[in-house]
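The opening residue of the sequence shown carries number 3 in our numbering; numbering runs sequentially from there.
See structure below.
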Amino acid sequence: MAARVLDGKALARSVEEEVRRDVQAFVQKHGISPCLAALLVGDDPVSSLYVRRKAEACGRVGIRSETFRLPREIHEEEILALIADLNRRSDVHGILVQLPLPPHLREEVVTSAILPEKDVDGLHPMNVGYLFLGRPRMVPATPRGILELLRWAGVEVRGKEAVVVGRSPIVGRPTAALLLSQHATVTICHSRTTELSAHTRRAEILVVAAGRPRLIRGEMVKPGAVVIDVGVNRVDGKLVGDVDFAEVVEVASAITPVPGGVGPMTIAMLLRNTLQAALAQLEGNGCTLEP
Ligand code: NAD
C-alpha cells in the first residue's frame, strides 16, 4: 500500500491561521505589531525569492516586515553596524540574515551578532547551546516545522530509531537535537558516512537534508518508515527532493512531498518564531517548545 502523503501546505495554512489570531491578540494587548527585519545581501534570484516569500507571509498574518537589500560588495563592518542598530530598536523583534552570504562575509560572525532573543533563525551559539542542552529557545524554522509535521501526523518520536541525513547548522544538526530531546535514538549521517544505506535502512523516522536528488532510493528505506524529505533541488526545471518519491512512496508508511511538504512549514514556523520573539521581549516568556 502506498504511503500517506503528509500535506505540509495544509498544515502550514492552519499554523498561519493560528499565528494570525495570536498576532491580533498581541496587537490588542501591546498596541504594536511584531516586526521581522530581513537582510538580503546581493541579488541572487533564489535568495531574493525566499526573502520575498517570507515578507509576504508576514503580511498575511499581520507581522510587520522590513527588508534590507544590501549590495553584494558590502563590508562586514557595515552589516554588523546595521545589525547593532536593529538589535537596539525596540520596534524590531526578529532579525534574519538570508544565507548563503558572499564568501568575503563570515556567516558565523554575522549571525552571531544578532541578539539571541531576536535570532529567529536560531543560529546564535547561545540558542544552539540551549537546543543541545534540551532546553530549546529559538529553534531554526525548518527543524521546528519537521517536528510539528510529525506531531500533526501522530508519529510517536519517543523510543524510535531516527536517522538524519545531513549535518548543517540550519537543518541536520538542530533536527537531530530536537529528535533527541523528544527521546528518539538518533543517528546523524553526512557526506563522509560510509554505507549510508546501512543506517537509513534501520530508520523508523528518516529525515533527509542533503541537497542531492534521488539520494534515497526505495531499497534504502525500512518498510513502514516515516520519511521527511527536506531537499529542494531543481532538476530539468522541476523541483524535486532528495528522496526518490516514486520508489519510496511504495515502501514508507508516510512521506512528505516536494514541493508542498517541509517548505511551507518552514515559512509558517518562521512566523511563529517571530511572534515568539516579540512575546519574549514584551512579556518575558523565552521558551518556545516543551522540553
Ligand atoms: P548543506 O549543503 O549545508 O548541508 C548538506 C548536508 O548533507 C551536509 O551536512 C553534507 O554532509 C550532507 N550530504 C551531502 N551529500 C551527502 C551524501 N551523498 N550522503 C550523505 N550526506 C550528504 O545544506 P542544507 O542547508 O542543510 O540544506 C539541505 C537541503 O535542504 C538543500 O536541498 C536545501 O535546499 C534544502 N532546504 C530546504 C528547506 C525547506 O524549507 N524545505 C530549508 C533549508 C534547506
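Beta carbons are placed, not taken as given, at the ideal position from N, Cα and C, and that holds for glycine.
Keep in mind that this is a model prediction, so the values were computed, not measured.
*List in chain order the residues whose CB is within less than 6 Å of at least one heavy atom of ligand 1.*
T144, V167, G168, R169, S170, I172, V173, G174, C191, H192, S193, T195, L198, A211, A212, G213, R214, L217, V232, G233, V234, N235, V264, G265 and T268
_Judging by CA-CA distance, which residue of G239, G233, Q278 and A279 is the nearest neighbour of P259?_
G233
_Going by C-alpha to C-alpha distance, which of P171, A164, R203 and V21 sits closest to T144?_
P171
*M267: buried (16+ other C-beta within 10 angstroms of its C-beta) or exposed?*
buried
_Within 7 Å, strictly: CB atoms of I116 and I97_ = yes
*Per DSSP, what kind of secondary structure is K56 in: helix, strand or coil?*
helix
*Could you check if E285 is buried or exposed, using at least 16 other CB atoms within 10 Å of its CB as the buried criterion?*
exposed
*Output the distance between the C-alpha atoms of L103 and E221, rounded to the nearest integer angstrom.*
37 Å
*Just to confirm, are E163 and E206 a CB contact at a threshold of 7 Å?*
yes
*asked:* Count Cβ pairs between the region 177-186 and the region 142-159 that sit closer than 8 Å; are there 3 or more?
replied: yes
*asked:* If you measure between the beta carbons of V237 and P215, is that distance less than 7 Å?
replied: yes
*According to the neighbour-count rule (16 or more other Cβ atoms, all chains shown, within 10 Å of its Cβ), is L38 buried or exposed?*
buried
*Simplified DSSP state of D231, which is helix, strand or coil*: strand
*My guess is that A5 and A256 are in contact by the Cβ rule of under 8 Å, so how many angstroms apart are they, rounded?*
5 Å
*Buried or exposed: where does M140 fall if 16 or more other Cβ atoms within 10 Å of its Cβ makes it buried?*
buried
*On a CA-only basis, which of R204, A186, A59 and M3 is nearest L152? Give me that one, please.*
A186
*Reference P142; option with closest CA among S49, G161 and Q100*: Q100
*asked:* If you follow the alpha helix (DSSP H) that R274 is in, where does it begin and where does it stop?
replied: V264 to E285
*Locate the alpha helix (DSSP H) running through L133, then write down its first and last residues.*
P127 to F134
*So what does DSSP say about E110, is it helix, strand or coil?*
helix
*For E292, does the three-state DSSP call read helix, strand or coil?*
Unreliable placement is indicated for E292, whose pLDDT of 46 sits below 50; no coordinate value is reported for it.
_Is it buried or exposed, E292, if we count other Cβ atoms within 10 angstroms and call 16 or more buried?_
Here E292 scores only 46 on pLDDT, less than 50, and its place in the model should not be relied on; the value that follows carries that caveat. So E292 ends up on the exposed side.
*For T195, does the three-state DSSP call read helix, strand or coil?*
coil
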